[in-house]
Structures are given as structure tokens and as C-alpha cells.
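Be aware that the sequence shown starts at 390, since it is given in the numbering used here, and climbs by one per residue.
For reference, the structure is listed below as C-alpha cells.
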Amino acid sequence: MTTPDPIRRFVEATNAGDSEAFLETFTADALLTDWGRSFRGREQIARWNRTDNIGVQSHLDIVRIAPSDGACHVRIKVAGNGFNGEGDMTFTLDGDRIASLIIS
390 MTTPDPIRRF VEATNAGDSE AFLETFTADA LLTDWGRSFR GREQIARWNR
440 TDNIGVQSHL DIVRIAPSDG ACHVRIKVAG NGFNGEGDMT FTLDGDRIAS
490 LIIS
């Protein structure tokens with residue numbers, strides 16, 4: 390499966406440390422859930438980004454991607470000053486933006 394554009398931009402913005410571009414990958418009312426912690430809307434996602442993503446210099450590499458019940462299931466490798474290792478992300482897209490992201 391080819392990486393959908395919003396997911397590609399999500400990874401590129403994270404790796405570039407570009408918080409503005411990162412937040413633009415999400416819809417205004419997007420939901421991000423990180424191991425049970427929920428963040429709704431760009432303002433709350435920005436807070437998560439500062440503490441768990443770009444704020445800890447995360448670098449993401451897609452290991453594999455597959456469609457999953459109307460969503461995209463992505464196995465991702467993370468390195469940086471926070472979590473390091475592989476994990477799963479499930480993206481639901483709305484046009485050219487991310488409507489929800491579940492990290493598990």
C-alpha cells in the first residue's frame with residue numbers, strides 16, 4: 390500500500406521538527422489517543438506534540454502500512470528522547486487530513 394499523503398506529511402513534519410506542519414495534518418476536531426490518554430482538537434494535540442513527539446525529538450520510520458476497516462494501520466519505529474521502539478498507529482483520514490489517530 391502506498392502511504393497516504395496525510396500520513397506521509399505527519400511523518401515528514403515530525404522528522405523535520407516542524408510543529409506547525411505537524412498540526413496541519415489534523416482536522417480541527419481530530420482525536421489523538423495515546424495508550425488511553427485522549428487529546429481532542431489541535432490545541433490539545435499540540436500539547437501532546439510538545440511532551441511526546443516533536444518536543445522529545447522523535448524520529449519516525451514506517452515499518453509497514455496496511456488498510457484496516459476503513460482506516461490505515463501503520464507499524465512505526467520511533468527513536469528520540471522519549472519512547473524508542475516499534476509501535477502501532479491506526480489513522481482514520483478525512484480527505485487530506487487525519488481525523489483520528491490511535492497509538493497502541
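Glycine included, every Cβ here is placed at the ideal spot set by N, Cα and C.
Straight-line Cα distance separating residue j from residue i
{"i": "Ile487", "j": "Ser427", "result": "15 Å"}
{"i": "Gly494", "j": "Thr403", "result": "Given a span of 390 to 493 for the chain in the structure shown, any question on residue 494 remains unanswerable."}
{"i": "Glu475", "j": "Val467", "result": "6 Å"}
{"i": "Gly471", "j": "Phe411", "result": "18 Å"}
{"i": "Asp450", "j": "Val400", "result": "7 Å"}
{"i": "Thr440", "j": "Glu432", "result": "13 Å"}
{"i": "Ile443", "j": "Gly459", "result": "28 Å"}
{"i": "Ser447", "j": "Arg397", "result": "15 Å"}
{"i": "Gly406", "j": "Trp437", "result": "14 Å"}
{"i": "Ile454", "j": "Ser489", "result": "16 Å"}
{"i": "Asp483", "j": "Ser408", "result": "20 Å"}
{"i": "Met390", "j": "Pro456", "result": "8 Å"}
Nearest-angstrom Cβ-Cβ length linking residue i and residue j, presumed shorter than 8 Å
{"i": "Thr422", "j": "Ile465", "result": "Their Cβ separation, rounded to whole angstroms, is 15 Å, which puts Thr422 and Ile465 out of contact at 8 Å."}
{"i": "Pro393", "j": "Thr414", "result": "11 Å between Cβ atoms; not a contact."}
{"i": "Thr479", "j": "His462", "result": "5 Å"}
{"i": "Ala419", "j": "Ile434", "result": "6 Å"}
Enclosing beta strand (DSSP E) for residue i [first to last residue]
{"i": "Asp407", "result": "Counting along the chain, Asp407 falls outside any beta strand (DSSP E), and DSSP gives it neither H nor E."}
Sheet register partners of residue i (DSSP bridge)
{"i": "Thr422", "result": "Ser427 and Ile491"}
{"i": "Phe399", "result": "Beta-bridge pairing links Phe399 to no other residue."}
In chain order, what are the residue ranges of uninterrupted beta strand (DSSP E) at least 3 long that sit wholly in the segment 428–486?
448–457, 460–468 and 474–483
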